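Asks:
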Amino acid sequence: MNCVHRICPNREFSAFSKSTVISIRRLACYVFFFSLCIFPVSAQVQKQAQPASFLRSNDRFAFDLLRTTHQESPDRNIVVAPLPVSLTFAALLDGSPDSRSTHELSSTFHWEEAFALPAAARMLLSRFEKPKPRPKPPAPRNEHEKQLRRLFQPGIPEESWFSIAFLYRGQSSLSPEFIERVKYRFGFQFRAVDEKTPQSLILAQNWDASMPLPTITDSDDFWITSSIHLRTSWAGNTFVDAKPQGQDFRLRSGQITQTDFLKSETTSYPYVRSGEFEAIELACWGATILFVLPPPDADVSQLEAALAKNPDLVEPFLAYH
2 MNCVHRICPN
12 REFSAFSKST
22 VISIRRLACY
32 VFFFSLCIFP
42 VSAQVQKQAQ
52 PASFLRSNDR
62 FAFDLLRTTH
72 QESPDRNIVV
82 APLPVSLTFA
92 ALLDGSPDSR
102 STHELSSTFH
112 WEEAFALPAA
122 ARMLLSRFEK
132 PKPRPKPPAP
142 RNEHEKQLRR
152 LFQPGIPEES
162 WFSIAFLYRG
172 QSSLSPEFIE
182 RVKYRFGFQF
192 RAVDEKTPQS
202 LILAQNWDAS
212 MPLPTITDSD
222 DFWITSSIHL
232 RTSWAGNTFV
242 DAKPQGQDFR
252 LRSGQITQTD
262 FLKSETTSYP
272 YVRSGEFEAI
282 ELACWGATIL
292 FVLPPPDADV
302 SQLEAALAKN
312 PDLVEPFLAY
322 H
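Sequential numbering from 2 applies to the sequence shown in the working numbering.
#1: What does T241 pair with, by DSSP beta-bridge criteria?
#2: Would you tell me roughly how many angstroms separate the C-alpha atoms of K264 and Q248, rounded to the nearest one?
#3: Do you know how far the Cα of F187 is from the Cα of A117?
#4: In angstroms, rounded to a whole number, what distance separates the CA positions of P177 and T103?
#5: For A236, name the three-state secondary structure that DSSP assigns.
#6: Can you give the Cα-Cα distance for V183 and E130, rounded to whole angstroms?
#7: On the CB-based measure, 16 or more other CB atoms within 10 Å of its CB, does A243 come out buried or exposed?
#8: Taking the straight line between their C-alpha atoms, what separation do you get for I165 and I203?
#9: May I have a chain-ordered list of the alpha helix (DSSP H) segments no shorter than 4 residues that lie completely inside the segment 121-192?
#10: Is the beta carbon of G237 closer than 9 Å to that of E159?
#11: Have a look at S173 and F223 and give me their C-alpha separation to the nearest angstrom.
#12: Can you tell me the Cα-Cα spacing of E305 and V293, whole angstroms?
#13: Please specify which runs of the alpha helix (DSSP H), each continuous and at least 4 residues long, are wholly inside the segment 38-116, giving them in chain order.
#14: Assuming T226 contacts L168 (C-beta within less than 8 Å), just tell me the rounded distance between them.
#15: Quick check on DSSP: helix, strand or coil for Q256?
#16: Give the DSSP-derived three-state secondary structure of F318 in the structure shown.
#17: Looking only at its chain, what residues have a beta carbon closer than 8 Å to the beta carbon of R135, apart from the 5 residues adjacent to it on each side?
#18: Spatial neighbours of Q148 within its chain, please: C-beta separation below 8 Å, excluding the five flanking residues on both sides.
#19: Identify the continuous alpha helix (DSSP H) that holds E277 and give its terminal residues.
So this is what it looks like as structure tokens:
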């Protein structure tokens, strides 16, 4: 299935995702964990307030990143989560006095207003702050209330948040001015570690326990750790009546294999089909997801290139049917 999709946290649930009734074409589905956009973007808007402008730039960077990564590994499924990367490098740009570095970063991340980056970053980091543990509910007062709670038990809470931190070895590795500036303007965490501490121990002590521990073997003195945490469930009747169906799945090599499919509804969600793509937005409670498929005679790389060139290729044309 040649497919690009993006997950986007809450935008009032007109849904922010890319899907399609999922008809499957050649190679595997390129899952695209993408800019967690909070605000709708119009193709006609030139200037936007923050953080919408930052998110729009992040969209463009994300499509560039997806296309480049996929070109390097054309036969693999690709997952990219660009928003923490954009936020991290926004802090590096803000703290850098070098004009050449500033120009290169602004060009790579499509930033037009570098002076507004700290404000956008703080707003996004506030929106996606790690939630505090929920208070334990009081004991049920009677058997009836106990049965109701069992019936409507919410289970594991839904959440979406960022984890970003700078780790560095030795007190003199980073200038105190840079550390204080980024702490104040972005709110990122800096953690100095002992110069003789092995790298594996450094990462084990500082890395998010819910994420896989990376393997680092060289003698780096500076690390940036960032990730997106998202847990949510489908909203509405997206797959409520769907049953798995075995269908042919055609790989890029031409080989056909049997794969289970779930068919989603299309009448209750924003949907569009054209000669260039087919797309649908499906809603979750804490996010929306947009699936996009290229036409049968096109390759997913062509769709990626078109989206990188024009990020507004799909969303302005989505409509309820």
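From the three backbone atoms N, C-alpha and C, an ideal C-beta is built for every residue, glycine too.
Just so you know, these numbers come straight off a predicted model, no measurement behind them.
Replies: The answer reads as follows:
#1: Just to set this straight, residue 241 is Val in the shown sequence, not Thr. According to DSSP, which records beta bridges pairwise, V241 is partnered with nothing at all.
#2: 11 Å
#3: 12 Å
#4: Approximately 20 Å between the Cα atoms of the pair.
#5: coil
#6: 17 Å
#7: exposed
#8: Taking the straight line from one Cα to the other gives about 16 Å.
#9: 144-152 and 177-187
#10: no
#11: Rounded to the nearest angstrom, the two C-alpha atoms are 11 Å apart.
#12: 10 Å
#13: Those alpha helix (DSSP H) runs which fall completely within the segment 38-116 and span 4+ residues are 53-73, 83-95 and 100-110.
#14: 7 Å
#15: coil
#16: helix
#17: Setting aside the 5 residues that flank it on each side, R135 is surrounded in the same chain by P158, each with a C-beta closer than 8 Å to its C-beta; the list follows chain order.
#18: none
#19: That residue, E277, is in no alpha helix (DSSP H); it is neither H nor E in DSSP.
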